[in-house]
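Participant:
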Amino acid sequence: MNILRVSLLTIGLIAFSLPFISVKSQVPNTDQKPFGLKDAFEGKFLIGTALNMNQIWRSHQAPIKVLKQHFNSIVAENSMKSMFLQPREGEFNFKNADLFVEFGKKNDMEIIGHTLIWHSQAPRWFFSDKEGQDVSREVLIERMRQHIHTVVSRYKGQIKGWDVVNEVILDNGEWRKSKFYEIIGDDFIKLAFQFAHEADPEAELYYNDYNTAIPAKREGIGRVIKQILDSGGRVDAIGMQEHHGLHFPSLNEVENSIKYFSNLGVDVMVTEMDISVLPHARPNAGANISDTSAFRKELNPYPDGLPDDVMLQLGKRYIDFFRLYLKHQDKISRVTLWGISDKDSWLNNFPVRGRTNYPLLFDRQYNPKPFVKEIIALAKE
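Encoded structure:
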């Protein structure tokens, strides 16, 4: 009787404990966050993306969900450009920029300001007097100083770094003859970095440009940055925009640029990455937004979806670039995609309006493309 009682007790304890252990092991950890690109590249470089106006206003939750899972750095696609911040002299509109910064702070993301001085998307008044004539050198310098001081000081201590000057060198290595250059001269870029440093001495300061893999342009950028550094000015990083195609530029030339810029004594950042799968209206064209072309059917070959073979090419291209960035992770501090999904990409309308492009890591439904898991695996190697 005692033996039977002990046996029954033992069986009861086992029967009780086994399901308890089993159920406990199956309870999901609700505190565990989904694994993303930012987690895969932790300790290597930041993974960033650009936010458009709808995303800043959080009009839809799908892109925000992807953003929070996969990215730890954000840059404003348009809301911090001078034509939006100061459409009329002395009248600043910080509504969208403030929302962008607050979102980044709330979600513990590194915030990048883009862009303080750029010949494009600058308000016309910046360069003109009341009669429509070009202002003097002194007036333009003061307008530039006021704009930079007002914007940068507003976000002092909140923004990690600024694209201070954007796209001042042509593909042949010569100065772009913008209004800033024509009115002030080639020292306008040094003055812009000086004013930004005055407004927030702790903020990082960047120069940003496209087609940096072209040797002549690479060397032209290098000359300008070296002049600023040699004169005691401050430049913390060069942003390589990395707007690529399936076949241009070569990985070798991109690598040459990474090493060349790093040898100047500055960080390297990938600032606006995307890879167009569509034919360009002109060969080897860059990201100059004034270089647009008329729509032709043959320039929009995939209106209903990307064929599997092209998706494979796109995936291989992205993996090749991320492998290169990992190789030089000691030089690269950030890799930023220019948009969250294909739906958001500016390349649907550039350089030909109305096309369907597929240049980013997430599709139009905000699902990761098949090769994203391979990029994550690459980072874990």
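Position one of the sequence shown corresponds to residue 1 (UniProt numbering), numbered consecutively onward. We put the CB at the ideal spot given by N, CA and C, even for glycine.
Please state if the CB of residue 272 and the CB of residue 241 are separated by a distance shorter than 7 Å.
Facilitator: Against the sequence shown, residue 241 aligns to sequence position 241. Against the sequence shown, residue 272 aligns to sequence position 272. Yes, these two residues count as a Cβ contact at 7 Å.
Participant: Quick one: Cα of residue 236 to Cα of residue 132, how far?
Facilitator: The residue labelled residue 236 in the question sits at position 236 within the sequence shown. The residue labelled residue 132 in the question sits at position 132 within the sequence shown. Straight-line Cα distance between these residues: approximately 37 Å.
Participant: Does the distance from the CB of residue 50 to the CB of residue 339 come in under 7 Å?
Facilitator: One-based indexing of the sequence shown puts residue 50 at position 50. One-based indexing of the sequence shown puts residue 339 at position 339. Yes, they are a contact pair.
Participant: Per DSSP, residue 207 is paired with what?
Facilitator: As a working note, residue 207 is residue 207 in the sequence shown. Its beta-bridge partners are 165 and 238.
Participant: Is DSSP giving residue 262 helix, strand or coil here?
Facilitator: The residue you call residue 262 lines up with position 262 of the sequence shown. DSSP places residue 262 in helix when its eight states are reduced to three.
Participant: Select from 202, 350, 201 and 217 the residue whose C-alpha is nearest the C-alpha of residue 208.
Facilitator: Against the sequence shown, residue 208 aligns to sequence position 208. Residue 217 is the option with its Cα nearest to residue 208.
Participant: Quick check for students: name the residue ranges of the beta strand (DSSP E) that lie wholly in the segment 58 to 102, counting only runs of 3 or more.
Facilitator: Here the runs fully enclosed are 73 to 76.
Participant: Take residue 201 as the anchor and find which of 299, 153 and 55 has the nearest alpha-carbon.
Facilitator: As a first step, residue 201 is located in the sequence shown; it is residue number 201 there, counting from the start. Nearest option by C-alpha distance: 153.
Participant: Tell me, to the nearest whole angstrom, how far the beta carbon of residue 276 is from that of residue 347; I am working on the premise that it is less than 8 Å.
Facilitator: Residue mapping note: residue 276 aligns to position 276 of the sequence shown, counting from 1. Residue mapping note: residue 347 aligns to position 347 of the sequence shown, counting from 1. 5 Å between Cβ atoms; contact.
Participant: Just curious, the alpha helix (DSSP H) that residue 138 is in, first and last residue?
Facilitator: Locating residue 138 in the sequence shown gives position 138, where the first residue counts as 1. Segment 137 to 154, the alpha helix (DSSP H) holding residue 138.
Participant: Are the beta-carbon atoms belonging to residue 80 and residue 97 less than 7 Å from one another?
Facilitator: Taking the sequence shown and counting its residues from 1, the one referred to as residue 80 is at position 80. Taking the sequence shown and counting its residues from 1, the one referred to as residue 97 is at position 97. Contact flag set, yes.
Participant: To the nearest angstrom, how far is it from the Cα of residue 175 to the Cα of residue 186?
Facilitator: Here the question's residue 175 lines up with position 175 in the sequence shown. Here the question's residue 186 lines up with position 186 in the sequence shown. Taking the straight line from one Cα to the other gives about 8 Å.
Participant: Rounded to whole angstroms, what's the CA-CA distance from residue 70 to residue 125? Just pull it up for me.
Facilitator: Position 70 of the sequence shown, counted from the start, is the residue given in the question as residue 70. Position 125 of the sequence shown, counted from the start, is the residue given in the question as residue 125. Going from the Cα of residue 70 to the Cα of residue 125 covers about 40 Å.
Participant: Could you tell me the distance, in whole angstroms, from the CA atom of residue 383 to the CA atom of residue 299?
Facilitator: Missing from the structure shown is residue 383; the chain here goes from 1 to 381 and no further.
Participant: Rounded to whole angstroms, what's the CA-CA distance from residue 141 to residue 206? Just pull it up for me.
Facilitator: As a working note, residue 141 is residue 141 in the sequence shown. As a working note, residue 206 is residue 206 in the sequence shown. So the two alpha carbons sit approximately 20 Å from each other.
Participant: In angstroms with no decimal places, state the Cα-to-Cα distance between residue 332 and residue 130.
Facilitator: Taking the first residue of the sequence shown as 1, we reach residue 332 at position 332. Taking the first residue of the sequence shown as 1, we reach residue 130 at position 130. Cα to Cα, residue 332 sits roughly 45 Å from residue 130.
Participant: Apart from the five residues on each side of it in sequence, which residues of its chain come closer than 6 Å, Cβ to Cβ, to residue 39?
Facilitator: Stepping through the sequence shown from its first residue, residue 39 is reached at position 39. Correct list: empty, nothing qualifies.
Participant: Look at the alpha carbon of residue 93 and the alpha carbon of residue 99, and state the distance between them as a whole number of angstroms.
Facilitator: Numbered from its first residue, the sequence shown carries residue 93 at position 93. Numbered from its first residue, the sequence shown carries residue 99 at position 99. Taking the straight line from one Cα to the other gives about 12 Å.
Participant: Suppose the cutoff is 7 Å on Cβ atoms and the five residues either side in sequence are ignored; what does the same chain contact list for residue 58 look like?
Facilitator: If you number the sequence shown from 1, residue 58 lands on position 58. Closer than 7 Å at Cβ, skipping near neighbours: 64.
Participant: So, are the CB atoms of residue 112 and residue 66 less than 7 Å apart?
Facilitator: As a working note, residue 112 is residue 112 in the sequence shown. As a working note, residue 66 is residue 66 in the sequence shown. The answer is no: Cβ separation not under 7 Å.
Participant: Between residue 116 and residue 84, what straight-line distance do the alpha-carbon atoms span, to the nearest angstrom?
Facilitator: Translated into positions along the sequence shown, residue 116 becomes position 116. Translated into positions along the sequence shown, residue 84 becomes position 84. Whole-angstrom Cα-Cα distance: 11 Å.
Participant: Assign residue 198 to one of two classes, buried (16 or more other C-beta atoms within 10 Å of its C-beta) or exposed (fewer than that).
Facilitator: Position 198 of the sequence shown, counted from the start, is the residue given in the question as residue 198. Exposed, since its Cβ has fewer than 16 Cβ neighbours within 10 Å.
Participant: So, under 8 Å CB-CB, residue 229 and residue 265 are touching, yes? Tell me the CB distance rounded to an integer number of Å.
Facilitator: If you number the sequence shown from 1, residue 229 lands on position 229. If you number the sequence shown from 1, residue 265 lands on position 265. The Cβ separation is near 7 Å, so the contact holds.
Participant: How big is the Cα-Cα spacing for residue 270 and residue 375?
Facilitator: Counted from its first residue, the sequence shown places residue 270 at position 270. Counted from its first residue, the sequence shown places residue 375 at position 375. Taking the straight line joining both Cα atoms gives about 16 Å.
Participant: In or out: residue 196 buried (at least 16 other Cβ within 10 Å) or exposed?
Facilitator: Counting from 1 along the sequence shown, the entry for residue 196 is found at position 196. Under this definition residue 196 is a buried residue.
Participant: Bridge partners for residue 335 per DSSP, in chain order?
Facilitator: Walking along the sequence shown from the start, residue 335 turns up at place 335. BP columns for residue 335 point to 47 and 270.
Participant: Tell me residue 117's beta-bridge partners as DSSP assigns them.
Facilitator: Position 117 of the sequence shown, counted from the first residue, corresponds to residue 117. Looking at the DSSP assignment, residue 117 forms a beta bridge with 165.
Participant: Please name the residue in 107, 334, 88 and 369 whose C-alpha comes closest to that of residue 122.
Facilitator: As a first step, residue 122 is located in the sequence shown; it is residue number 122 there, counting from the start. Per the Cα distances, 88.
Participant: Could you compute how far the alpha carbon of residue 308 sits from the alpha carbon of residue 134?
Facilitator: In the sequence shown, the residue the question calls residue 308 occupies position 308. In the sequence shown, the residue the question calls residue 134 occupies position 134. Approximately 53 Å, taken between the alpha carbons.
Participant: According to the neighbour-count rule (16 or more other Cβ atoms, all chains shown, within 10 Å of its Cβ), is residue 29 buried or exposed?
Facilitator: Mapped onto the sequence shown, residue 29 falls at position 29. Low local confidence applies: a pLDDT of 48 at residue 29 is under 50, so the model's placement there is unreliable, with the coordinate-based value given in what follows. With fewer than 16 Cβ atoms within 10 Å of its Cβ, residue 29 is classed as exposed.
Participant: Judging by CA-CA distance, which residue of 194, 210 and 326 is the nearest neighbour of residue 41?
Facilitator: Here the question's residue 41 lines up with position 41 in the sequence shown. Answer by Cα proximity: 326.
Participant: From 104, 297, 258 and 358, pick the residue whose C-alpha is nearest to that of residue 318; which is it?
Facilitator: The residue you call residue 318 lines up with position 318 of the sequence shown. For residue 318, the nearest C-alpha among the options comes from 358.
Participant: Round the Cβ separation of residue 183 and residue 127 to the nearest angstrom and send it over; I've been treating them as touching at under 8 Å.
Facilitator: Counting from 1 along the sequence shown, the entry for residue 183 is found at position 183. Counting from 1 along the sequence shown, the entry for residue 127 is found at position 127. Contact flag correct, Cβ pair sits at about 7 Å.
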